[in-house]
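Enquirer: One structure, pasted below without further comment.
In the numbering used here, the protein residues as written are 3 to 352.
Here is the structure:
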């Protein structure tokens, strides 16, 4: 079986259109959430400072035989909302932007779309890597995209999951999620590079249609299976990228799984949604790009928004910038509807 490597990555988010390593390094950085108004209430929302066109410029030249993978929980929804407001019901199709992206990049108009809520682009990454390993593809461009739309906002508001105070991941005083926009990419290839995509696993948690089990069984199975298939030991994991939505059930479930697996030897853990918001279907790629930006600059960022430890949790996200010289990084993702995904990458240069 061949191997899959991460050749390039980039992100357009609330931090800007370039790779934001300097912003992540700023110890005094404050959340950059803007206010959007709905139901006559002020709701925090992380607006992106750029979008697909800016991202495509950052992607640069890629092989024409590259296959496009897109993960999003709302791709095209904002366009449908605009058209409905103007002309009434008009079906645009979920893939309307995918064809345009292929055209702008000059690659084959063959693409795969993933819509599994918050795990959408994480699943796209896992499937793209598998197809490269199986010899089906040589190159894959994985894009995660999330654009502000009322359907997502109103849906989470109806469930009482939107915070009015700001995102506080794994914090004792967490009060819910803060949504955000992002458009991010990761270029995968069979050609060797410093970051290797080792393994990834996907599984559905059927305990509840909206929330994961508080015991964390599904995530535990995924993490253990991913580590086992990578043929490494649990003790070799150097860093965990938490899903850390700051919603009560998600943080409890993730904490439970990690406590059972790692016990008193929990690796360094980092939460990233305080920087760009919860980008839903885009978070698989956007948080990969965000974290790699920091790691390639030699540090693990602090977890913005975390202040007070929950005494019931064994997990404590980073409270300051940490020097990085590790090798294995685990990424966790939990989705509305029960889909969960985990993947593991390795810095082979270490």
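Ideal Cβ placement from N, Cα and C applies to all residues, glycine included.
Residue 81: which of 67, 152, 244, 338 sits nearest, CA to CA?
Expert: Here the question's residue 81 lines up with position 79 in the chain shown. Checking every option, the nearest Cα to that of residue 81 belongs to 152.
Enquirer: In three-state terms, what does DSSP make of residue 4?
Expert: Position 2 of the chain shown, counting from 1, holds the residue named residue 4. Residue state, collapsed to three classes: coil.
Enquirer: By Cβ distance below 6 angstroms, which residues in the same chain neighbour residue 214 in space, the five residues on each side in sequence not counted?
Expert: Taking the chain shown and counting its residues from 1, one reaches residue 214 at position 212. If we look at residue 214 and ignore the five residues flanking it on each side, its Cβ neighbours are 207, 255, 336.
Enquirer: Per DSSP, which residues does residue 11 bridge with? Please list them.
Expert: Stepping through the chain shown from its first residue, residue 11 is reached at position 9. For residue 11, which the question treats as bridged, DSSP gives the partners 188.
Enquirer: Would you identify the three-state DSSP class for residue 82, choosing helix, strand or coil?
Expert: For the purposes of this step, residue 82 is identified with residue 80 of the chain shown, where counting begins at 1. Of the three classes helix, strand and coil, the one that applies to residue 82 here is helix, per DSSP.
Enquirer: With a CB to CB cut of under 7 angstroms and the five nearest residues on each side skipped, what residues in its chain are close to residue 167?
Expert: Within the chain shown, numbered from 1, the residue matching residue 167 stands at position 165. Excluding residues within five positions, the ones whose Cβ falls inside 7 angstroms are 177.
Enquirer: For residue 333, count neighbouring C-beta atoms within 10 Å of its own C-beta (all shown protein chains included) and say buried if the count is 16 or more, exposed if not.
Expert: Along the chain shown, one-based indexing puts residue 333 at 331. Residue 333 should be labelled buried.
Enquirer: Quick one, are the C-beta atoms of residue 143 and residue 189 less than 8 angstroms apart?
Expert: Counting from 1 along the chain shown, the entry for residue 143 is found at position 141. Counting from 1 along the chain shown, the entry for residue 189 is found at position 187. Yes. Within cutoff.
Enquirer: What is the rounded straight-line gap between the Cα of residue 289 and the Cα of residue 88?
Expert: Indexing the chain shown from 1 puts residue 289 at position 287. Indexing the chain shown from 1 puts residue 88 at position 86. Cα to Cα, residue 289 sits roughly 35 angstroms from residue 88.
Enquirer: Which residue comes first and which comes last in the alpha helix (DSSP H) that contains residue 158?
Expert: As a first step, residue 158 is located in the chain shown; it is residue number 156 there, counting from the start. Where residue 158 is concerned, the enclosing alpha helix (DSSP H) stretches over 152 to 160.
Enquirer: According to the Cβ coordinates, are residue 287 and residue 241 closer than 8 angstroms?
Expert: Translated into positions along the chain shown, residue 287 becomes position 285. Translated into positions along the chain shown, residue 241 becomes position 239. Cβ distance not < 8 angstroms, so residue 287 and residue 241 don't count as in contact.
Enquirer: For the region 65 to 78 against the region 101 to 120, are there 3 or more C-beta pairs whose distance is under 8 angstroms?
Expert: yes
Enquirer: Hey, could you find the ends of the beta strand (DSSP E) residue 73 is sitting in?
Expert: Counting from one through the chain shown, the residue named residue 73 turns up at place 71. From DSSP, the beta strand (DSSP E) with residue 73 extends over 69 to 73.
Enquirer: Fully enclosed by the region 313 to 347, which beta strand (DSSP E) runs are 3 residues long or longer?
Expert: 330 to 336
Enquirer: List the residues that DSSP assigns as beta-bridge partners of residue 355.
Expert: There is simply no residue 355 to check, as the chain begins at 3 and stops at 352 in what is shown.
Enquirer: Can you list, in chain order, the residues of its chain with a C-beta nearer than 7 angstroms to that of residue 56? Leave out the 5 residues immediately preceding and following it.
Expert: For the purposes of this step, residue 56 is identified with residue 54 of the chain shown, where counting begins at 1. Only 14, 19 meet the Cβ criterion.
Enquirer: Could you tell me the boundaries of the beta strand (DSSP E) in which residue 134 lies?
Expert: Locating residue 134 in the chain shown gives position 132, counting from the first residue. Residue 134: not part of any beta strand (DSSP E); member of the alpha helix (DSSP H) spanning 122 to 135, first to last residue.
Enquirer: Once DSSP output is grouped into helix, strand and coil, what is the label at residue 275?
Expert: Your numbering for residue 275 matches position 273 in the chain shown. Helix.
Enquirer: Check residue 350 in the structure and name its three-state DSSP category.
Expert: Along the chain shown, read from residue 1 onward, the residue named residue 350 stands at position 348. In the structure shown, residue 350 sits in coil (DSSP, three-state: anything other than H, G, I, E or B).
Enquirer: Count the other CB atoms, across all protein chains shown, that sit within 10 Å of the CB of residue 327; report buried if there are 16 or more and exposed otherwise.
Expert: Mapped onto the chain shown, residue 327 falls at position 325. Counting Cβ neighbours within 10 Å, residue 327 comes out exposed, since fewer than 16 surround it.
Enquirer: Pairs of beta-carbons, one from the region 253 to 270 and one from the region 219 to 230, closer than 8 angstroms: are there three or more?
Expert: yes
Enquirer: Residue 48 to residue 180, Cα distance in whole Å?
Expert: Taking the first residue of the chain shown as 1, we reach residue 48 at position 46. Taking the first residue of the chain shown as 1, we reach residue 180 at position 178. About 8 angstroms.
Enquirer: What are the boundary residues of the beta strand (DSSP E) that includes residue 215?
Expert: Translated into positions along the chain shown, residue 215 becomes position 213. Per DSSP, residue 215 belongs to no beta strand (DSSP E) and is neither H nor E.
Enquirer: Between 103, 322, 43, 110, which has its C-alpha nearest residue 65's C-alpha?
Expert: Residue numbering aside, residue 65 sits at position 63 when the chain shown is read from its first letter. When each option's Cα is compared against that of residue 65, the closest is 110.
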